[in-house]
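The opening position of the sequence shown corresponds to residue 215 in our numbering, with each subsequent residue numbered one higher. We put the CB at the ideal spot given by N, CA and C, even for glycine.
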Amino acid sequence: MAARVITIAQQKGGAGKTTLAAHLALAWQTLGERVALVDIDPQGSLSQWFALREAHLGKGNTGIDLTQITGWRASAEIDRLKRDHTLIVVDSPPHAQTDAKIAVRAANLVVIPVQPSPLDIWATRPTVDLALSEKVPALLVMNRVPSRRLMTEDMIAALADIKAEMAAARLGNRSSFAMSMTAGLGIAEHAPDTIAAREVGKVAREILRRVG
215 MAARVITIAQ QKGGAGKTTL AAHLALAWQT LGERVALVDI DPQGSLSQWF
265 ALREAHLGKG NTGIDLTQIT GWRASAEIDR LKRDHTLIVV DSPPHAQTDA
315 KIAVRAANLV VIPVQPSPLD IWATRPTVDL ALSEKVPALL VMNRVPSRRL
365 MTEDMIAALA DIKAEMAAAR LGNRSSFAMS MTAGLGIAEH APDTIAAREV
415 GKVAREILRR VG
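Structure below.
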């Protein structure tokens with residue numbers, strides 16, 4: 215099977231992009247994928263998480279690979295990683311800048327985390343437009359969804375005119391996601407048999423079905 219590239223993108227910072235990339239990568243690894251992470255976000259948060267993971271588990275025992283690289287070199291690096299991996303997960307920088315465009319252009323699917331707030335919804339439109347301009351399908355994933363269902367459904371309704379599909383699976387507003395990141399772990403490692411772990415598993419499987 216040819217390697218697939220999934221870019222996690224969102225113009226707005228603080229939407230949970232890096233957290234989603236890390237948890238999904240480990241979920242896919244447990245499903246039998248050979249996963250490589252590519253961190254082209256100048257903040258380097260994903261790389262910091264990976265360093266914690268190596269410190270906790272030991273180098274060579276992380277189950278996944280990570281490359282931190284500047285955006286203009288990302289395309290060649292992704293092509294190189296395709297030779298030894300079945301799934302490449304790219305954590306792209308916020309804002310519609312050149313590095314983000316490169317990350318989107320290389321993808322088979324752009325996954326866009328969206329929190330149920332007006333600011334996040336407004337910020338999502340340029341990211342979707344970027345994917346459309348590069349002719350790459352985009353999938354919205356509701357993230358940090360509160361227990362107040364009515365508020366969430368109102369926010370989803372506000373996304374109805376955006377030209378991207380909405381994932382059926384969602385991620386709740388759960389502190390365990392952040393807690394596992396501080397330990398360099400995925401949610402299934404940190405808190406197995408929890409709602410949070412099941413949510414990530416559902417999102418991971420839904421995305422895999424879409425990219426084949």
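Option nearest S331 by Cα separation, candidates T408, R319, T341, R358 = The count along the sequence shown starts at 1 and reaches residue 331 at position 117. It is R358.
query = With distances taken from CA atoms, which of V328, R424, K296, I316 is nearest E348?
reply = Start at 1 with the first residue of the sequence shown, and residue 348 comes out as number 134. Ranking the options by Cα distance to E348, first place goes to I316.
key: Secondary structure, alpha helix (DSSP H): runs of 4+ residues fully inside the region 292-352   = 312-319, 332-347
Contact between the region 269-281 and the region 335-351 (3+ Cβ pairs under 8 Å) = no
message = Suppose contacts are defined by Cβ-Cβ distances below 7 Å. Is D305 in contact with L260 by that definition?
response = The residue you call residue 305 lines up with position 91 of the sequence shown. The residue you call residue 260 lines up with position 46 of the sequence shown. Going by C-beta atoms, D305 is nearer than 7 Å to L260.
query = Cβ of G415 within 7 Å of Cβ of R267?
reply = The count along the sequence shown starts at 1 and reaches residue 415 at position 201. The count along the sequence shown starts at 1 and reaches residue 267 at position 53. For G415 and R267, no; Cβs fall outside 7 Å.
inquiry  = With a threshold of 6 Å on Cβ separation, who are the neighbours of A402 within its own chain once the five nearest residues in sequence on each side are excluded?
reply    = Within the sequence shown, the letter at position 188 stands for residue 402. So the qualifying residues of the chain are A411.
key: Pick from R287, G277, V417, D255 that is closest to L385, judged by C-alpha positions   = Taking the first residue of the sequence shown as position 1, residue 385 is located at position 171. Nearest neighbour of L385 by Cα position, chosen from R287, G277, V417, D255, turns out to be V417.
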